[in-house]
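Residue numbers (my numbering), protein chains in the order written: chain A, 146 to 299; chain B, 2 to 122.
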């Protein structure tokens with residue numbers, strides 16, 4: 146039996162716009178090191194960045210002096226990334242996001258596509274329940290290892 | 002920090018106003034892209050090409066900027082096209098529905114040929 150060593154990365158950065166760029170590049174480098182391909186790294190960069198921006202803007206309400214904490218774990222089968230804020234505001238997205246038709250017609254704000262992107266780009270994207278009493282919001286992104294299906298030989 | 006991530010420049014080729022975008026399309030790009038759009042619109046542009054060559058990153062705030070451009074293009078009865086989209090950008094544009102509001106070309110040369118030929122016909 147073989148065991149796969151867990152790879153872990155932890156990042157903590159100031160809760161200010163712009164720092165999500167550093168976080169996304171660090172996570173992208175981590176993903177590259179554990180063998181992710183270019184397409185998935187592009188997906189991951191966009192999704193991680195969206196989660197960080199939500200944490201800065203909504204979870205921490207852009208309050209200076211706070212931090213965003215990221216923990217990434219790769220176990221050989223999946224890459225799991227948790228993005229946590231300090232919970233100045235509890236936020237959960239409810240209901241379906243506005244369509245682009247509604248946005249272009251001016252019936253909904255142009256912004257607000259972040260959750261849609263995260264759910265489409267990651268294999269899983271969801272908030273975690275507050276089980277440790279930290280009050281902060283925690284958002285989890287997961288990419289599973291792709292299993293290549295081979296054509297049967299004839 | 003890290004705010005100047007996008008370079009925006011304008012070129013005119015026959016009937017087409019080309020807005021070249023080099024860098025990341027994020028919330029920091031809003032003023033630059035909107036200013037470029039307003040400048041070519043004031044100059045009377047009817048065909049606008051957003052040329053995304055060399056861009057490697059876009060987020061939802063960047064998409065919101067482009068949705069705003071689509072809204073303005075519709076309001077001014079202009080035609081919008083995109084070129085130079087990376088595979089990732091094309092995927093994102095399809096996901097959010099942006100691809101249905103503009104013609105998409107491989108690069109600016111292909112776009113200019115198609116738009117100028119159609120405009121001349």
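We treat Cβ as the ideally placed atom computed from N, Cα and C, and that holds for glycine.
Burial state of residue i, where buried means 16 or more other Cβ atoms lie within 10 Å
i	result
residue 217/A	buried
residue 286/A	buried
residue 194/A	buried
residue 65/B	buried
residue 52/B	buried
residue 258/A	buried
residue 223/A	exposed
residue 27/B	buried
residue 116/B	buried
residue 234/A	exposed
residue 95/B	exposed
residue 153/A	exposed
residue 110/B	exposed
residue 273/A	exposed
residue 231/A	buried
residue 275/A	exposed
residue 108/B	exposed
residue 48/B	buried
residue 118/B	exposed
residue 85/B	buried
residue 45/B	exposed
residue 182/A	exposed
residue 210/A	exposed
residue 184/A	exposed
residue 63/B	buried
residue 121/B	exposed
residue 15/B	exposed
residue 169/A	buried
residue 114/B	exposed
residue 82/B	buried
residue 165/A	buried
Beta-carbon separation (whole angstroms), residue i vs residue j, contact threshold 8 Å
i	j	result
residue 38/B	residue 13/B	Actually they are not in contact, since the Cβ atoms of residue 38/B and residue 13/B sit about 14 Å apart, beyond 8 Å.
residue 213/A	residue 160/A	5 Å
residue 67/B	residue 99/B	6 Å
residue 204/A	residue 282/A	4 Å
residue 17/B	residue 33/B	Wrong, their Cβ atoms sit about 20 Å apart, outside the cutoff.
residue 200/A	residue 228/A	6 Å
Contact list for residue i against chain A, beta-carbon separation under 9 Å
i	result
residue 99/B	245
Proximal residues of chain B, C-beta to C-beta of residue i below 8 Å
i	result
residue 230/A	Result: empty, since nearest Cβ-Cβ is about 17 Å, beyond 8 Å.
residue 251/A	72
residue 259/A	60, 61
residue 160/A	None at all; the shortest Cβ gap to chain B is about 13 Å.
residue 195/A	60, 61
Check: residue i C-beta below 7 Å from any heavy atom of the ligand FMN
i	result
residue 109/B	What this structure holds is no ligand at all, so the ligand FMN is not there to describe.
Partner residues on chain B for residue i, Cβ-Cβ distance less than 9 Å
i	result
residue 207/A	By Cβ distance, chain B contributes nothing, its closest Cβ being about 12 Å from residue 207/A, past 9 Å.
residue 213/A	Within chain B, no residue comes near residue 213/A; the closest Cβ sits about 14 Å away, beyond 9 Å.
residue 287/A	Near residue 287/A there are no residues of chain B at all, since even the closest Cβ is about 18 Å away, more than 9 Å.
Cross-chain neighbours of residue i in chain B, by beta carbon under 7 Å
i	result
residue 255/A	65, 68, 69
residue 157/A	Near residue 157/A there are no residues of chain B at all, since even the closest Cβ is about 16 Å away, more than 7 Å.
residue 187/A	89
residue 265/A	96
residue 233/A	Going along chain B, no residue has its Cβ under 7 Å from residue 233/A, so there is no contact; the nearest lies around 20 Å.
residue 201/A	Those do not exist, as residue 201/A stays about 11 Å from chain B at its closest Cβ, beyond 7 Å.
residue 154/A	The contacting residues do not exist; residue 154/A stays about 20 Å from chain B at best.
Chain A contact residues for residue i, given Cβ-Cβ distances below 8 Å
i	result
residue 75/B	249
residue 8/B	Within 8 Å Cβ-Cβ: nothing; residue 8/B doesn't reach chain A, min ~16 Å.
residue 93/B	191, 262
(request) Kindly confirm or deny that the stretch 87-98 of chain B and the stretch 58-65 of chain B touch, where touching means at least three C-beta pairs closer than 8 Å. (result) yes
(request) With 9 Å as the limit, tell me which residues of the stretch 43-58 of chain B have their beta carbon closer than that to any beta carbon of chain A; keep them in chain order. (result) 57, 58
(message) Quick check: the stretch 246-259 of chain A against the stretch 163-182 of chain A, are at least 3 beta-carbon pairs closer than 8 Å?
(response) no
(request) For the stretch 182-194 of chain A and the stretch 266-274 of chain A, state whether three or more C-beta atom pairs, one from each stretch, are separated by less than 8 Å. (result) yes
(message) Counting only Cβ-Cβ distances shorter than 9 Å, please list the residues of the stretch 162-174 of chain A near chain B, keeping chain order.
(response) 162, 163, 164, 165, 166, 167, 169
(message) Residues of the stretch 215-228 of chain A in Cβ contact with chain B at a cutoff of 9 Å, in chain order, please.
(response) none
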